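Here the structure is laid out as structure tokens; the discussion comes afterwards.
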Amino acid sequence: MNRREAIQRVAMLIGGSVIGANLFLEGCTRPASKDVAVLFEKDKTNFLGDLAEAILPETSTPGAKEAGVGEFIPVMIRDCYDPQDQKAFLEGLDGVDDRAKKEFGKKFQELSKDEQLQFVNMLDKEAKEFQKERGKKQRELNEEAEKNGKNAEEVEQLPNHFFHMLKQLTLTGFFTSEVGMTKALRYVKIPGKYDGNYPYKKGERAFAP
23 MNRREAIQRV AMLIGGSVIG ANLFLEGCTR PASKDVAVLF EKDKTNFLGD
73 LAEAILPETS TPGAKEAGVG EFIPVMIRDC YDPQDQKAFL EGLDGVDDRA
123 KKEFGKKFQE LSKDEQLQFV NMLDKEAKEF QKERGKKQRE LNEEAEKNGK
173 NAEEVEQLPN HFFHMLKQLT LTGFFTSEVG MTKALRYVKI PGKYDGNYPY
223 KKGERAFAP
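Next comes the structure, spelled out in structure tokens:
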């Protein structure tokens, strides 16, 4: 599976576009705020890895942490995200422990696996509602700009929800990793001929292109 195929897979899973996908596919970078550097600190990559693991935990196949998603996320945030999304991600990450303590009385990494799952499910629900409202507001801004003769580059871009970005990054990092391509998916090093009538049993892993 190459980068483009991985992005397409993530887009299908989330039912929408992947933030920063164009820069990721082209291998380009954008200027990052100095604040983003904190994400590369060991305690932060461990924290990101634990959050990602709660989203994609280890089962019969490795989870997000073994796939190196905690190290992947800072690179994507630095190189592929707009300043407003970098800021929103950092603020959201900083607020995780406070939110966990409010809901469960403990920091996120002190929660049990079940509690962590409940926590990320709660954030996921909030993120979906937030993104729905964001989409509505962004369309209004785009329409207003068009009426005033502005081009797309001049339109204010609203920040995305922290967890929406985290979930996308977790899926993207996992499916572009060696672990994701060879263990979560079925990898055929030298594929055979095209078979449009290949027998598929429900529950079987998809093939890595």
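FYI, in the working numbering the residues of the sequence shown are 23 to 231. Beta carbons: idealized from backbone N, C-alpha and C, even for Gly. As the structure is a prediction and not an experimental result, all values here were calculated from the model.
As assigned by DSSP and simplified to three states, the class of residue i
i	result
Pro105	helix
Met23	Because Met23 carries a pLDDT of 48, less than 50, the predicted location of this residue cannot be relied on, and no value is offered for it.
Gln131	helix
Phe196	helix
Thr81	coil
Ala59	helix
His186	helix
Val177	coil
Lys147	helix
Glu88	coil
Gly117	coil
Gly171	coil
CB of residue i within 7 Å of CB of residue j, strictly
i	j	result
Asn182	Asp107	yes
Gln138	Ala76	yes
Lys129	Asp116	no
Thr204	Ala74	no
Val142	Ile99	no
Reference residue i, options the options, closest by Cα
i	options	result
Ala122	Asp104, Arg161, Leu145 and Ala110	Leu145
Phe152	Gln140, Phe126 and His186	His186
Val60	Asn143, Ser199 and Leu112	Leu112
Any chain D beta carbon closer than 7 Å to residue i
i	result
Gln190	The structure shown has no chain D; it contains just one protein chain.
Exercise. Do the region 59-69 and the region 182-192 make contact, defined as three or more Cβ pairs closer than 8 Å?
Worked result: A contact is defined here as three or more CB-CB pairs under 8 Å, and the region 59-69 fails this definition with respect to the region 182-192.
Exercise. When the Cβ atoms of the region 194-201 are set against those of the region 80-95, are three or more pairs found closer than 8 Å?
Worked result: At 8 Å Cβ cutoff, the stretches touch.
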